[in-house]
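This report refers to the structure that appears directly beneath it.
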Amino acid sequence: MNIQEVLAQKVKDAVSSIYNAELPSVEFQPTRKDFEGDVTVVVFPMLRVVKGNPVEIGTKIGEYLQEHVDEVSKFNVVKGFLNIVINDAFYLDFFNSIKTVPDFGYVTTPSKDAVMVEYSSPNTNKPLHLGHIRNNLLGYSVSEILKAAGKKVYKTQIINDRGIHICKSMLAWKKFGEDETPESTGLKGDHLVGKYYVVFDKAYKEEIAELVGKGIAKDKAEKEAPILLEAQEMLRKWESGDEATVTLWKTMNGWVYEGFDTTYNNLGVDFDTLYYESNTYLLGRDVVKEGLEKGIFFKKDDGSVWIDLTDEGLDEKIVLRSDGTAVYMTQDIGTAIQRVTDYPDINGMVYTVGNEQDYHFKVLFLILKKLGYNWAQQLYHLSYGMVDLPSGKMKSREGTVVDADDLIVSMEKTAEEISNELGKLDGYTDAEKKQLYRTIGLGALKYYILKVDPKKRILFNPEESVDFQGNTGPFIQYTYARIQSILRKSEEGVSETITSGLELHQKEKELLKQIRLFPETIQLAAENYSPALIANYTYDLVKEFNSFYQQVSILGETDAAKRQFRVELSRKVGEVIQSAFKLLGINVPGRM
RNA sequence: GGUCGCGUAGCUCAGCUGGAUAGAGCAUCUGCCUUCUAAGCAGACGGUCGAAGGUUCGAAUCCUUCCGCGAUCACCA
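Each residue of the first sequence is one higher than the one before, starting from 1 at the first, in UniProt numbering.
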């Protein structure tokens, strides 16, 4: 039983024995820094059951607790708040119990149920940009958090590798590409293909302008521009399996995948399994037919199939076109079912997709529920806000995107500049330095994005570089490096002996309190699918440690038992920083 | 117009399952490196928590209305 449960029971006992009244529940909160105490009981809610002066009630309960609970050493009452001081022995016991636990905070016995987390899911016609970075970091981090909370996780994506937009790049390359390849140009494959996506758009716009110049209406010109018709023809050829088209498609997608792999690798994200739209876009049609027979869907006169969701406060939604072809929704229904078939232990899925698709997922989940899948109760749309620039939305065709690869490089460069300025890396080889710049640069970028509540939009200003001071990744990494430096200089290992009888410094106590919160923070982050909670937790821990570091001498302490304890405490803080950052996909350096 | 989300210090964000005097970082200013890494620490300055009502002993937090910003409401994905 943890201390809070003990206290809750004892408070109830106190009220029962003093006032002969039954408390339904006890409300706790951490004691504010301005008051003495570790945990605070709020007296006000008790007034419903116990009539009287809150201060007097609090005092009586405090006296009772002090007498009946070993861990309670002191108390004070301010207004209706009973502040309780927990004795040092309790914190030392706690520390002894976790000191050598390797993955403290993680649940290491995974549940039988698995959850599949989908993220990234790019189109294969252009390189990844900052928006994808947020998606990737969120999806990866939430996967790691769910794992740490005891879930079995499959990471996946659905690669949008077909469709008219893909044909546009293909066609432009075929017409204007002059057989360029990643090898011949030195361009990364995804960037090369992206270049032709832009080339297409330019040619398309020129054709429209030309047609409009001949007196054709603009909307008509947009539909009849020859290059667009040609792209549509190419899509038809692709769908009918035309060999030359399919070969070109395979070649260019191959370039893109190679490029994506590099970016994913640089970003440090990975996947357990992949789904390709070209394999799944036909899925779901059979399911829709079944659902039609069961009366879940209905057919309109033109043959298109719909679902009526007006009872749920939504509209009617199409699930199959009148010509019998699949829409986005059809495909997603099929893919979801396919995934559960492929991985029968799945009970729940997380879709990491921007909030512009909130409505789509609301509908998708409802449809799957109506189709009677029990796992449909466990679907979650990890909906996140867009990443905007000061100039507004990023648009790849207009070249206003922040390219993922460029951004990573520029973060590394900034890390290098700052490191050189500070000049603390004597004795590091060039390779070690390079590795470190990457760790720090990526740490800054990842933390910057993950510390924000997923559902909020992010305004990214490329002119102002991401900070390396204050509430940032590098600040936390720096603290970790400091701890490692202490450990290198320290002679002491982790002692097997129980630390007891020490009088704790206030800063030590605060650190132990913060460490104690780690397991529940992981659970909370998992329940809320929020890496931001982990980031904020880690920042608080690190701030507390730096304050401790500044005020209390660790290696300079002459009392051997105290020194040993402080070294071990520092080591544990370092371990928690590392564990927490692992959940964010951020590495920590031994020096910096 | 309907639906959903957001609005907290000059800027970027915490806090939101109701609790004490609303917290950090950046920026500005003041101290602290002959002592464990100053990417640090300590402090100052900075707020009608978008507005107005309501519920409550108590509201940034819950409810209603309004204002502002964004998204969405395709036989696109």
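Virtual Cβ for every residue (Gly too), placed ideally from N, Cα, C.
Predicted model only: the values in this text are computed from it and were never measured.
Open item on the list: Checking 8 Å against the spacing of the C-beta atoms, do Leu-583 and Glu-27 come in under that value?
Closed with: If you number the first sequence from 1, residue 583 lands on position 583. If you number the first sequence from 1, residue 27 lands on position 27. Not in contact: Leu-583 and Glu-27 (Cβ atoms no closer than 8 Å).
TODO: List the residues that DSSP assigns as beta-bridge partners of Asn-135.
DONE: Here the question's residue 135 lines up with position 135 in the first sequence. Answer is none; Asn-135 lacks a bridge partner.
TODO: Specify the secondary structure class of Phe-28 as computed by DSSP and reduced to three states.
DONE: Taking the first sequence and counting its residues from 1, the one referred to as residue 28 is at position 28. Strand at Phe-28.
- [ ] Determine the contact status of Asp-272 and Thr-156, defining contact as a CB-CB distance below 8 Å.
- [x] The residue given as residue 272 occupies position 272 in the first sequence. The residue given as residue 156 occupies position 156 in the first sequence. Taking 8 Å as the Cβ cut-off, Asp-272 and Thr-156 qualify as a contacting pair.
- [ ] Can you tell me which of Ile-408, Ser-391 and Asp-406 puts its alpha carbon nearest to the alpha carbon of Thr-400?
- [x] Here the question's residue 400 lines up with position 400 in the first sequence. Ranking Ile-408, Ser-391 and Asp-406 by Cα distance to Thr-400 puts Ser-391 first.
- [ ] Name the residue from Glu-312, Lys-424 and Val-43 whose alpha carbon lies nearest to the alpha carbon of residue 593.
- [x] Given a span of 1 to 592 for the chain in the structure shown, any question on residue 593 remains unanswerable.
Task: Alpha carbon of His-381 to alpha carbon of Phe-361, nearest angstrom - done: Counting from 1 along the first sequence, the entry for residue 381 is found at position 381. Counting from 1 along the first sequence, the entry for residue 361 is found at position 361. Near 7 Å, if we compare the C-alpha coordinates of Phe-361 and His-381.
Task: Sufficient close CB pairs (3 or more, under 8 Å) joining the region 396 to 415 to the region 459 to 479 - done: yes
TODO: Figure out for me which residue from Asn-461, Pro-531 and Leu-82 has the closest Cα to the Cα of Lys-393.
DONE: Numbered from its first residue, the first sequence carries residue 393 at position 393. Of the listed residues, the one whose Cα sits closest to Lys-393 is Asn-461.
Task: Glu-210 burial status per 10 Å Cβ neighbour count (16 or more: buried) - done: On the first sequence, position 210 is the one that residue 210 refers to. Answer is exposed; the Cβ neighbour count stays below 16.
TODO: Answer yes if the region 476 to 489 comes into contact with the region 69 to 81, meaning at least three C-beta pairs across the two stretches below 8 Å, and no otherwise.
DONE: no
TODO: Mind reading off the beta-carbon distance from Ile-18 to Phe-90? Whole number of angstroms is fine, and I expect it under 8 Å.
DONE: To locate residue 18, count along the first sequence from 1; it is residue 18. To locate residue 90, count along the first sequence from 1; it is residue 90. The pair is not a contact, with the Cβ atoms about 24 Å apart (cut-off 8 Å).
Open item on the list: In this structure, how does DSSP classify Gly-62 when only helix, strand and coil are distinguished?
Closed with: As a position in the first sequence, residue 62 is number 62, starting the count at 1. Helix.
TODO: Please go through the same chain and pick out, in chain order, the residues whose beta-carbon is closer than 7 Å to the beta-carbon of Phe-297, but skip the five residues on each side of it.
DONE: By one-based count along the first sequence, residue 297 stands at place 297. Correct list, in chain order: Val-288, Gly-291, Val-305, Trp-306, Ile-307 and Val-319.
TODO: On a CA-only basis, which of Lys-126, Asp-219 and Asn-135 is nearest Met-252? Give me that one, please.
DONE: Sequence index remark: in the first sequence, residue 252 carries index 252 (1-based). Considering only alpha carbons, the answer is Lys-126.
- [ ] Please state whether DSSP places Glu-118 in a helix, a strand or coil.
- [x] Translated into positions along the first sequence, residue 118 becomes position 118. Correct three-state label for Glu-118: strand.
Task: Segments assigned alpha helix (DSSP H), at least 4 residues, entirely inside the region 42 to 106 - done: 54 to 68 and 88 to 98
- [ ] Pick helix, strand or coil for Lys-10, following the three-state DSSP scheme.
- [x] Here residue 10 is taken as the residue at index 10 of the first sequence, counted from 1. In the structure shown, Lys-10 sits in a helix (DSSP, three-state: H, G or I).
- [ ] Look up His-165 in the DSSP assignment and say whether it is helix, strand or coil.
- [x] Taking the first residue of the first sequence as position 1, residue 165 is located at position 165. Of the three classes helix, strand and coil, the one that applies to His-165 here is helix, per DSSP.
Open item on the list: Quick check: the region 145 to 154 against the region 510 to 527, are at least 3 beta-carbon pairs closer than 8 Å?
Closed with: yes
Open item on the list: Please report the distance separating the alpha-carbon of Phe-227 from that of Glu-207.
Closed with: As a first step, residue 227 is located in the first sequence; it is residue number 227 there, counting from the start. As a first step, residue 207 is located in the first sequence; it is residue number 207 there, counting from the start. First, the amino acid is wrong: residue 227 is Ile here, not Phe. Ile-227 and Glu-207: Cα-Cα distance of roughly 8 Å.
Open item on the list: Quick check: what's the CA-CA separation for Met-46 versus Thr-59?
Closed with: Taking the first residue of the first sequence as 1, we reach residue 46 at position 46. Taking the first residue of the first sequence as 1, we reach residue 59 at position 59. Near 13 Å, if we compare the C-alpha coordinates of Thr-59 and Met-46.
Open item on the list: Is Leu-309 a contact residue of the ligand GTP, with contact defined as CB to any heavy atom under 7 Å?
Closed with: As far as ligands go, the structure on display features none, and thus does not contain the ligand GTP.
Task: C-alpha gap between Phe-548 and Ile-534, whole angstroms - done: For this step, residue 548 is matched to residue 548 along the first sequence. For this step, residue 534 is matched to residue 534 along the first sequence. Straight-line Cα distance between these residues: approximately 21 Å.
Task: Contact check, Gly-303 vs Ser-322, beta carbons under 8 Å - done: Here residue 303 is taken as the residue at index 303 of the first sequence, counted from 1. Here residue 322 is taken as the residue at index 322 of the first sequence, counted from 1. Yes, the Cβ-Cβ distance between Gly-303 and Ser-322 is below 8 Å.
Open item on the list: As a quick exercise: from His-132, Phe-365 and Ser-485, pick the residue whose alpha carbon is nearest that of Arg-591.
Closed with: Here residue 591 refers to the residue found at position 591 when the first sequence is read from its first residue. For Arg-591, the nearest C-alpha among the options comes from Ser-485.
Task: Opposing strand residues paired with residue 594 [DSSP bridges] - done: Residue coverage of the chain in this structure runs from 1 to 592, which leaves residue 594 outside it and unanswerable.
Task: Range covered by the beta strand (DSSP E) that runs through residue 652 - done: The question about residue 652 has no answer here: the residues shown for the chain are numbered 1 through 592.
- [ ] Kindly indicate which residue of Val-576, Tyr-197 and Phe-475 has the alpha-carbon position closest to the one of Leu-512.
- [x] Here residue 512 refers to the residue found at position 512 of the first sequence. When each option's Cα is compared against that of Leu-512, the closest is Val-576.
- [ ] With DSSP as the reference, label Lys-299 as helix, strand or coil.
- [x] Position 299 of the first sequence, counted from the start, is the residue given in the question as residue 299. DSSP places Lys-299 in strand when its eight states are reduced to three.
TODO: Rank Arg-285, Val-78 and Thr-247 by C-alpha distance to the C-alpha of Gly-37 and give the top, closest one.
DONE: As a working mapping, residue 37 is identified with position 37 in the first sequence. Checking every option, the nearest Cα to that of Gly-37 belongs to Val-78.
Task: Of the listed residues Asp-201, Thr-414 and Pro-454, nearest to Leu-436 (C-alpha basis) - done: As a first step, residue 436 is located in the first sequence; it is residue number 436 there, counting from the start. Comparing Cα positions, the closest option is Thr-414.
Task: Bridge partners - Leu-442, DSSP secondary structure assignment - done: By 1-based counting over the first sequence, the position of residue 442 is 442. In DSSP, Leu-442 forms no bridge with anything.
Open item on the list: Helix, strand or coil for Val-288? Go by DSSP, reduced to three states.
Closed with: As a working note, residue 288 is residue 288 in the first sequence. Of the three classes helix, strand and coil, the one that applies to Val-288 here is helix, per DSSP.
Task: Pair within 8 Å by beta-carbon distance, Ile-458 and Val-387 - done: Numbered from its first residue, the first sequence carries residue 458 at position 458. Numbered from its first residue, the first sequence carries residue 387 at position 387. Contact: yes.
TODO: Have a look at Asn-53 and Gly-80 and give me their C-alpha separation to the nearest angstrom.
DONE: Position 53 of the first sequence, counted from the first residue, corresponds to residue 53. Position 80 of the first sequence, counted from the first residue, corresponds to residue 80. One C-alpha to the other measures close to 9 Å.
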